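A.B. asks: Numbering (our numbering), first residue to last: 70 to 308.
Glycine residues also receive a C-beta, built at the ideal position from the N, C-alpha and C atoms.
Just so it is clear, the structure is predicted and the values come from calculations on it, not from any experiment.
(1) Please list the terminal residues of the continuous alpha helix (DSSP H) segment that includes residue 85.
(2) Residue 193 lies in the alpha helix (DSSP H); which residues open and close that run?
(3) For the candidate residues 216, 187, 218, whose alpha-carbon lies nearest to that of residue 120?
(4) Classify residue 178: buried if its beta carbon has 16 or more other beta carbons within 10 angstroms, exposed otherwise.
(5) Between the alpha carbons of residue 149 and residue 142, how many angstroms are there, rounded?
(6) Within the continuous alpha helix (DSSP H) that includes residue 162, where are the two ends?
(7) Tell me where the alpha helix (DSSP H) around residue 296 begins and ends.
(8) Residue 87 and residue 199 - do their beta-carbons sit closer together than 8 Å?
(9) Would you check if the region 197-217 and the region 94-111 touch, i.e. whether three or more CB-CB distances between them fall below 8 Å?
(10) Excluding the 5 residues preceding and the 5 following residue 85 in the sequence, name in chain order all residues of the same chain whose CB lies nearer than 7 Å to its CB.
(11) Is it buried or exposed, residue 233, if we count other Cβ atoms within 10 angstroms and call 16 or more buried?
(12) Assuming residue 185 contacts residue 123 under a Cβ cut-off of 8 Å, what Cβ separation, rounded to an integer in Å, is found between them?
(13) Between residue 180 and residue 260, which are expected to be in contact by the criterion C-beta below 8 Å, what is the C-beta distance as a whole number of angstroms?
(14) Report the three-state DSSP secondary structure of residue 102 (helix, strand or coil).
(15) If we ignore side chains and look at the alpha-carbon of each, how far apart do residue 290 and residue 90 end up?
(16) When we look at the beta-carbon of residue 175 and count the other beta-carbons within 10 Å, is it buried (16 or more) or exposed?
This is the structure:
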């Protein structure tokens, strides 16, 4: 099974599906509008604390996180090289490159972890029916649902790719070299294209699996509280 929704016995799982979508939007807004490393680290710490407190298990998601962490030196190198030629001194270019690389690494890590957190605690059908219940067009609702669950559904493919390439002699210790990423990145790209094609076919054939008896859950105190916090975070990010 490519994707498994954990039991709904924790705070995150009991949140309203729309609030979970707002959490994702809030993370995206905060990550790409805030350029302060300290604030990004604090936000990342909050996400990790939530994962720790509520014992959310990603399972095979560790493969994705491991690949991302291994790619950080290459990401830093790209930013450092891009700023070395722009600044007056190499030292200044090096420092700015490291700073910008760290900012973008934190941004992507925040988005990846929040995506996994929401997807691991949510049945995709809940998101789909919640969006349709507030009159979001059917196709758009399904696209949003597939986007939310894209990374978790690719975990199985990535794990198989990594295991296969490891058996062929690939060493993770040498992944800092750009040439060594080709045996991993190309199959992942093909897997993403294949999943997107399957999603498009699903849009045409399944038509969202309409459930006329589905009723949108009522907002509880926790939903309102998280929603207000998200609004404040987005307002702070924009200001």
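C.D. replies: From the atom records:
(1) Per DSSP, residue 85 lies in no alpha helix (DSSP H) segment and is marked neither H nor E.
(2) Counting along the chain, residue 193 sits inside the alpha helix (DSSP H) bounded by residues 193-202.
(3) Residue 187 is the option with its Cα nearest to residue 120.
(4) By the neighbour-count rule (16 or more Cβ atoms within 10 Å), residue 178 is buried.
(5) Distance between the alpha carbons of residue 149 and residue 142 is about 10 Å.
(6) Annotation: the continuous alpha helix (DSSP H) that includes residue 162 extends over 159-189.
(7) It spans 290-307 - the alpha helix (DSSP H) in which residue 296 sits, taken as one unbroken run.
(8) Taking 8 Å as the Cβ cut-off, residue 199 and residue 87 qualify as a contacting pair.
(9) The region 94-111 vs the region 197-217: no contact.
(10) Once the five neighbours on either side are set aside, the close Cβ partners of residue 85 are 286, 288, 292.
(11) It counts as exposed.
(12) A Cβ-Cβ separation of about 13 Å leaves residue 185 out of contact with residue 123 under the 8 Å criterion.
(13) Residue 180 to residue 260, Cβ: 20 Å. No contact.
(14) Correct three-state label for residue 102: helix.
(15) Going by the C-alpha atoms only, they are around 17 Å apart.
(16) Around the beta-carbon of residue 175, 16 or more other beta-carbon atoms lie within 10 Å, marking it buried.
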